[in-house]
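Undergrad:
Chains as they are written, first to last, in the working numbering: chain A, 434 to 735; chain B, 7 to 204.
1) Around the Cβ of residue 528 of chain A, are there at least 16 other Cβ atoms within 10 angstroms (buried) or fewer (exposed)?
2) With the cut-off set at 7 Å, would you say residue 656 of chain A and residue 676 of chain A are in Cβ contact?
3) Mapping DSSP to helix, strand and coil, what is residue 166 of chain B?
4) Using the Cβ count rule (16 or more neighbours within 10 Å means buried), how would you classify residue 718 of chain A?
5) With a threshold of 6 Å on Cβ separation, who are the neighbours of residue 697 of chain A within its own chain once the five nearest residues in sequence on each side are excluded?
6) Given a cut-off of 7 Å on the beta-carbon distance, is the pair residue 551 of chain A and residue 580 of chain A in contact?
7) Identify every run of the alpha helix (DSSP H) within the stretch 73 to 102 of chain B, keeping only runs that are complete inside it and at least 4 residues long; order them along the chain.
8) For residue 147 of chain B, go through chain A and note every residue whose CB falls closer than 8 Å to its CB, in chain order.
9) Express the C-alpha separation of residue 171 of chain B and residue 189 of chain B in angstroms, rounding to a whole number.
10) Check this for me: beta carbons of residue 577 of chain A and residue 596 of chain A, under 7 Å apart or not?
11) Under 7 Å, do residue 537 of chain A and residue 584 of chain A count as touching if we go by C-beta distance?
12) Give the straight-line distance between the Cα atoms of residue 99 of chain B and residue 629 of chain A, rounded to the nearest whole angstrom.
13) Report the rounded CA-to-CA distance for residue 110 of chain B versus residue 135 of chain B, giving the unit in angstroms.
14) Looking at the C-beta of residue 193 of chain B, does it have a partner C-beta in chain A at a distance below 7 Å?
15) Within 10 angstroms of its Cβ, does residue 627 of chain A collect 16 or more other Cβ (buried), or is it exposed?
16) Can you tell me which of A:724, A:723 and A:703 puts its alpha carbon nearest to the alpha carbon of residue 40 of chain B?
17) Between residue 675 of chain A and chain B, is the shortest Cβ-Cβ distance under 7 Å, so that the two count as touching?
18) Can the beta-carbon of residue 146 of chain B be found closer than 7 Å to that of residue 117 of chain B?
19) Report yes if the C-beta distance between residue 659 of chain A and residue 725 of chain A is below 7 Å; otherwise report no.
20) Applying the criterion that 16 or more other CB atoms from any shown protein chain within 10 Å of the CB defines a buried residue, is residue 733 of chain A buried or exposed?
21) Counting only Cβ-Cβ distances shorter than 9 Å, please list the residues of the stretch 677 to 696 of chain A near chain B, keeping chain order.
22) Could you confirm whether any beta carbon from chain A is found closer than 7 Å to the beta carbon of residue 32 of chain B?
23) Does the Cβ of residue 588 of chain A have 16 or more other Cβ atoms within 10 Å, making it buried, or fewer, making it exposed?
24) Excluding five sequence neighbours on each side, which residues of the same chain lie with their C-beta closer than 7 Å to the C-beta of residue 94 of chain B?
25) Grab the span of the beta strand (DSSP E) containing residue 614 of chain A for me, first residue to last.
26) With DSSP as the reference, label residue 569 of chain A as helix, strand or coil.
27) Can you tell me the Cα-Cα spacing of residue 647 of chain A and residue 524 of chain A, whole angstroms?
28) First and last residue of the alpha helix (DSSP H) that includes residue 109 of chain B?
29) Output needed in chain order: residues of the stretch 98 to 132 of chain B with a Cβ under 9 Å from some Cβ in chain A.
30) Excluding the 5 residues preceding and the 5 following residue 645 of chain A in the sequence, name in chain order all residues of the same chain whose CB lies nearer than 7 Å to its CB.
31) Which residue comes first and which comes last in the alpha helix (DSSP H) that contains residue 591 of chain A?
32) Have a look at the DSSP bridge pairing and note the partners of residue 720 of chain A.
33) Do the CB positions of residue 641 of chain A and residue 534 of chain A come within less than 7 Å of each other?
34) Give the range of the beta strand (DSSP E) segment to which residue 134 of chain B is assigned.
35) Jot down the residue ranges of each uninterrupted beta strand (DSSP E) in the stretch 531 to 572 of chain A, minimum 3 residues, whole runs only, in chain order.
36) Let me know if residue 144 of chain B comes out buried or exposed under the rule of 16 or more other beta-carbons within 10 Å of its beta-carbon.
This is the structure:
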């Protein structure tokens, strides 16, 4: 491109095309204005310009001649990255579960901007559709965790389902009359949850969500974490306890007009609200296909 | 049906029964998907009231009536730049100690004695906390401090009964006697090794 072009104005004239002189310079009236072609940046040339002469390479030596040693080399001294002994800080990092943080401040921001609807149960699907969080199941992400940043300014009544939640975050949500639930999604279910349309286009039946592994069962059956496998009565007691601890009056959600929405919960084997495992969603024909075979029904409800 | 049995269990919070019953009601309606691991199968509603008694076995934590306390928030001290200058995270709780009938009378007097440095001229006990970045947590810390104060004031000094005191003295004497006996035995051994050339 540089070889073809001469000076600036010659290039512009060439780009105009044949018969261009007949057309007005600003374009035809009533038509959308064409953007003027920007001049390409001048290549680095010597001769007294910025970035010229030695071209930022310095004077003689390895620097100018492009023969500097590798990164980390310290002239023969044992380099830092070899002198320090190995220790397993990152050992097994690819097997560790990661949870993308979601602060209450961000959640409030999304609700205020109308990207997330607080009158419906808030799920990871809702948050992903609203582009509030980005979860990468392939990078060992197992979901999102509620973080307490913004706990003091949070003022929204929501029914939210996350994968982990800290105590203060739970307190902040329940103080405003909301409901928090922590639930487990195995990587396959998580991928389906985050990208439902892509999954439906595959034409495969919705799988059942797997139960948590051994080390997470204790977490999800603990009412203090509002686990989805915990005893509901104990969860209610834990709500009262937390209200006593943090010194707020627990609002009675049964008196609320949105009580039905706030108490909406997924079954432990369910991935989507309103869709059961085993169903196939046909987006093109807007139909749902359900299995009728005994053995399949038995499998999907186990 | 399930809802009735739950309501009969007389839980502290009346709405609790409704919340628990939601799941069983849904199952009965047949509109919701129910797997073998759904909550009403994992925790079937019990017919007897034994399930509700677990909370009462633990010692009840002090119930602090929030309406009787005066809570105020202000800006914390310390480093932190713009955030510490603007955010009201220091929590201060004050209440009139003499008229706090949610604390027993004797305990109140003990507290007035123990924490006289924290009581102002108007008789209000003041507890502050600015340890955390969050107002809510600072408030929780203040309440925890009040609970600790009450617990400390309630505890009675350990009274050692006469029998126990005597037993302890006897033990010490026995130890000393044994020690001296061993010492004499060792001494005779050492003496026997001495060669007296007189």
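Ideal Cβ placement from N, Cα and C applies to all residues, glycine included.
All values reported here derive from a predicted model rather than from experimental measurement.
TA: According to the structure data:
1) The residue given as residue 528 of chain A occupies position 95 in the first chain. By the 10 Å Cβ count, residue 528 of chain A comes out exposed.
2) Taking the first chain and counting its residues from 1, one reaches residue 656 of chain A at position 223. Taking the first chain and counting its residues from 1, one reaches residue 676 of chain A at position 243. Going by C-beta atoms, residue 656 of chain A is not nearer than 7 Å to residue 676 of chain A.
3) By 1-based counting over the second chain, the position of residue 166 of chain B is 160. Of the three classes helix, strand and coil, the one that applies to residue 166 of chain B here is coil, per DSSP.
4) What you label residue 718 of chain A is simply residue 285 of the first chain in a count that begins at 1. Residue 718 of chain A should be labelled exposed.
5) To locate residue 697 of chain A, count along the first chain from 1; it is residue 264. Correct list, in chain order: 554.
6) Translated into the one-based positions of the first chain, residue 551 of chain A becomes position 118. Translated into the one-based positions of the first chain, residue 580 of chain A becomes position 147. Their beta carbons are not under 7 Å apart, which means residue 551 of chain A does not touch residue 580 of chain A by this criterion.
7) 87 to 92
8) Position 141 of the second chain, counting from 1, holds the residue named residue 147 of chain B. Residues of chain A passing the Cβ test: none, with the nearest at roughly 10 Å.
9) Working through the second chain from its first residue, we reach residue 189 of chain B at position 183. Working through the second chain from its first residue, we reach residue 171 of chain B at position 165. If you take the alpha carbons of residue 189 of chain B and residue 171 of chain B, they lie about 27 Å apart.
10) In the first chain, the residue the question calls residue 577 of chain A occupies position 144. In the first chain, the residue the question calls residue 596 of chain A occupies position 163. Result yes, Cβ atoms of residue 577 of chain A and residue 596 of chain A sit closer than 7 Å.
11) Taking the first residue of the first chain as position 1, residue 537 of chain A is located at position 104. Taking the first residue of the first chain as position 1, residue 584 of chain A is located at position 151. In this structure, residue 584 of chain A lies closer than 7 Å to residue 537 of chain A by Cβ.
12) Translated into positions along the second chain, residue 99 of chain B becomes position 93. Translated into positions along the first chain, residue 629 of chain A becomes position 196. Between residue 99 of chain B and residue 629 of chain A, the C-alpha separation is close to 49 Å.
13) As a first step, residue 110 of chain B must be located in the second chain, where it is residue number 104. As a first step, residue 135 of chain B must be located in the second chain, where it is residue number 129. In a straight line, the C-alpha of residue 110 of chain B is about 25 Å away from that of residue 135 of chain B.
14) As a first step, residue 193 of chain B must be located in the second chain, where it is residue number 187. No, residue 193 of chain B lies away from the interface with chain A (no Cβ there is under 7 Å from its Cβ).
15) Your numbering for residue 627 of chain A matches position 194 in the first chain. Looking at its Cβ environment, which holds 16 or more other Cβ atoms inside 10 Å, residue 627 of chain A is buried.
16) Translated into positions along the second chain, residue 40 of chain B becomes position 34. Here the closest residue by C-alpha is A:703.
17) To locate residue 675 of chain A, count along the first chain from 1; it is residue 242. Not one chain B Cβ lies under 7 Å of residue 675 of chain A.
18) As a working mapping, residue 146 of chain B is identified with position 140 in the second chain. As a working mapping, residue 117 of chain B is identified with position 111 in the second chain. Their beta carbons are not under 7 Å apart, which means residue 146 of chain B does not touch residue 117 of chain B by this criterion.
19) By 1-based counting over the first chain, the position of residue 659 of chain A is 226. By 1-based counting over the first chain, the position of residue 725 of chain A is 292. Their beta carbons are not under 7 Å apart, which means residue 659 of chain A does not touch residue 725 of chain A by this criterion.
20) For this step, residue 733 of chain A is matched to residue 300 along the first chain. Buried, since its Cβ has 16 or more Cβ neighbours within 10 Å.
21) 677, 678, 679, 680, 681, 682, 683, 685, 686, 687, 688, 692, 693 and 696
22) As a first step, residue 32 of chain B is located in the second chain; it is residue number 26 there, counting from the start. Note that residue 32 of chain B scores 44 on pLDDT, short of 50, meaning its location in the model is unreliable; the coordinates nonetheless yield the value given after this. Judged by the 7 Å Cβ criterion, residue 32 of chain B is not in contact with chain A.
23) As a first step, residue 588 of chain A is located in the first chain; it is residue number 155 there, counting from the start. Flag for residue 588 of chain A reads exposed.
24) As a first step, residue 94 of chain B is located in the second chain; it is residue number 88 there, counting from the start. 79, 80, 81 and 141.
25) Against the first chain, residue 614 of chain A aligns to sequence position 181. First-last of the beta strand (DSSP E) with residue 614 of chain A: 612 to 615.
26) In the first chain, counting from the first residue as 1, residue 569 of chain A sits at position 136. Reduced to three states, the DSSP call for residue 569 of chain A is coil.
27) For the purposes of this step, residue 647 of chain A is taken as residue 214 along the first chain, with counting starting at 1. For the purposes of this step, residue 524 of chain A is taken as residue 91 along the first chain, with counting starting at 1. Near 21 Å, if we compare the C-alpha coordinates of residue 524 of chain A and residue 647 of chain A.
28) As a position in the second chain, residue 109 of chain B is number 103, starting the count at 1. Element bounds for residue 109 of chain B: n/a, residue is neither H nor E.
29) 99
30) Indexing the first chain from 1 puts residue 645 of chain A at position 212. Cβ neighbours of residue 645 of chain A beyond the five flanking positions: 617 and 653.
31) By one-based count along the first chain, residue 591 of chain A stands at place 158. Looking at the DSSP string, residue 591 of chain A is not in any alpha helix (DSSP H), and its letter there is neither H nor E.
32) As a first step, residue 720 of chain A is located in the first chain; it is residue number 287 there, counting from the start. DSSP lists A:715 as partners of residue 720 of chain A.
33) Mapped onto the first chain, residue 641 of chain A falls at position 208. Mapped onto the first chain, residue 534 of chain A falls at position 101. Their beta carbons are not under 7 Å apart, which means residue 641 of chain A does not touch residue 534 of chain A by this criterion.
34) Along the second chain, one-based indexing puts residue 134 of chain B at 128. That run of the beta strand (DSSP E) goes 130 to 135.
35) 531 to 536
36) Here residue 144 of chain B refers to the residue found at position 138 when the second chain is read from its first residue. It counts as buried.
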